[in-house]
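These notes concern the structure reproduced below.
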Amino acid sequence: MKILIAEFAVGTDVEKSLIPEGAAMLKTLAESFDRLGHEVYYPTASTRICAGTALESTAENFRQVIEKKAGKCDAGLLIAPDEMLPELNRLLEENTTNLGCSPESSACCADKLRCTEVLLNAGIGAPGLAAEPDEGRQYVIKPRFGCAAEETYLVREFEPAEEVIASEYIEGMHLSVSLIAGEKPLPLTVNRQFIEFGAEKCTSGKTENEKTGSGIKYNGSLTPYETPRKTELVETAVSAASCLKCSGYVGVDIVLADRPYVVDVNPRPTASLFGISQVMKEEIGDLLLRNKFGGLPDSVHIEGEYHFSKDMLGEIFGQN
Numbered sequence: 016m017k018i019l020i021a022e023f024a025v026g027t028d029v030e031k032s033l034i035p036e037g038a039a040m041l042k043t044l045a046e047s048f049d050r051l052g053h054e055v056y057y058p059t060a061s062t063r064i065c066a067g068t069a070l071e072s073t074a075e076n077f078r079q080v081i082e083k084k085a086g087k088c089d090a091g092l093l094i095a096p097d098e099m100l101p102e103l104n105r106l107l108e109e110n111t112t113n114l115g116c117s118p119e120s121s122a123c124c125a126d127k128l129r130c131t132e133v134l135l136n137a138g139i140g141a142p143g144l145a146a147e148p149d150e151g152r153q154y155v156i157k158p159r160f161g162c163a164a165e166e167t168y169l170v171r172e173f174e175p176a177e178e179v180i181a182s183e184y185i186e187g188m189h190l191s192v193s194l195i196a197g198e199k200p201l202p203l204t205v206n207r208q209f210i211e212f213g214a215e216k217c218t219s220g221k222t223e224n225e226k227t228g229s230g231i232k233y234n235g236s237l238t239p240y241e242t243p244r245k246t247e248l249v250e251t252a253v254s255a256a257s258c259l260k261c262s263g264y265v266g267v268d269i270v271l272a273d274r275p276y277v278v279d280v281n282p283r284p285t286a287s288l289f290g291i292s293q294v295m296k297e298e299i300g301d302l303l304l305r306n307k308f309g310g311l312p313d314s315v316h317i318e319g320e321y322h323f324s325k326d327m328l329g330e331i332f333g334q335n
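If you're matching positions, the sequence shown starts at 16 in the working numbering and goes up one per residue.
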């Protein structure tokens, strides 16, 4: 089969700080499909991953490159900022088989307000939304549309704004669950996320006043993370992905406290996939294809553990 894998950071060079993570995911997927005997194509503005065939692209023609090549491929997979994913997935589906989430599902996940409301209405644990701050409490503020820890802060005060959501801060262990979502969900691993808190200036609210808050940054993960509460975590992640009608690889970010609280649902491959590929015997490419065309196994085989940081990815892919 001919497989198109399009990763936004690599394909556009728009945000060079994101290229290491993007290249890690892209390389992991491309090498997996390549080992299975498939032809892999990927748009790139400058980065080469030593697997598959590079398609020259820029920020200006990234969409056009996808549209043109997708029609000549048997299947495709997109990795892009959450707010761009619905449109790009729609473009992909119009031209080939989409191995990831539908445009509708990715749109719901991208809208952090709507996503949280769907989860809470389904009885799935998620941090409560706050319309205004209460004295003495802490909140996490982040863009209503955005990726993971991007522009995310821990604050005590905030001003309501349509483009920002504020949720109660849950003290607990930062984890994620990676799974293949679909008619027959297949859990892959529970991962420990390394989250850093640092004092930074943040801007929030209609008046754009600067307030001091702790910037929240993702700095890699450990996979698998062994915990006696694994079943509870996996069930929560599967329920979240199912009620959001996700398909393909999904990463569910969770804070584990008195119960699992879902803080983000990523409707696309995440950086954890780089670590998973080091310890999982199955090929991720095979699982994605079998999820779409039938025949997923009941479980996967994990051997050993793997830890990586963002600095490590920067060293590997030359963007530190």
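Yeah, the Cβ is synthetic: ideal placement off N, Cα and C, and Gly gets one too.
Nearest neighbour of residue i, chosen from the options [CA to CA]
i: residue 208; options: 332, 78, 200, 232; result: 232
i: residue 187; options: 277, 304, 300; result: 277
i: residue 200; options: 206, 249, 77; result: 249
i: residue 51; options: 16, 80, 82, 73; result: 16
i: residue 190; options: 34, 274, 91, 29; result: 274
i: residue 196; options: 270, 265, 88, 159; result: 265
i: residue 205; options: 85, 158, 151, 241; result: 241
i: residue 121; options: 315, 263, 37, 171; result: 263
i: residue 289; options: 269, 308, 320, 171; result: 320
i: residue 139; options: 282, 325, 271; result: 271
i: residue 119; options: 23, 296, 261; result: 261
i: residue 202; options: 150, 291, 137, 92; result: 291
i: residue 88; options: 136, 76, 112, 71; result: 112
i: residue 326; options: 25, 32, 28; result: 32
Residue i versus residue j - alpha carbon distance
i: residue 280; j: residue 155; result: 16 Å
i: residue 41; j: residue 20; result: 7 Å
i: residue 104; j: residue 30; result: 21 Å
i: residue 81; j: residue 235; result: 29 Å
i: residue 59; j: residue 78; result: 12 Å
i: residue 173; j: residue 282; result: 28 Å
i: residue 285; j: residue 198; result: 21 Å
i: residue 304; j: residue 107; result: 16 Å
i: residue 76; j: residue 213; result: 37 Å
i: residue 309; j: residue 90; result: 15 Å
Per-residue DSSP class, three states only, for residue i
i: residue 113; result: strand
i: residue 29; result: coil
i: residue 99; result: coil
i: residue 72; result: coil
i: residue 52; result: coil
Buried versus exposed, by CB contacts within 10 Å (16 or more), residue i
i: residue 53; result: buried
i: residue 43; result: buried
i: residue 182; result: buried
i: residue 36; result: buried
Quiz item: In chain order, which beta strand (DSSP E) runs of at least 3 residues are fully inside the stretch 248-321?
Solution: 263-271, 275-281
Exercise. Entirely within the stretch 127-152 and at least 3 residues each: give me those beta strand (DSSP E) ranges in chain order.
Key: DSSP assignment within the stretch 127-152 yields no whole beta strand (DSSP E) run of 3 residues or more.
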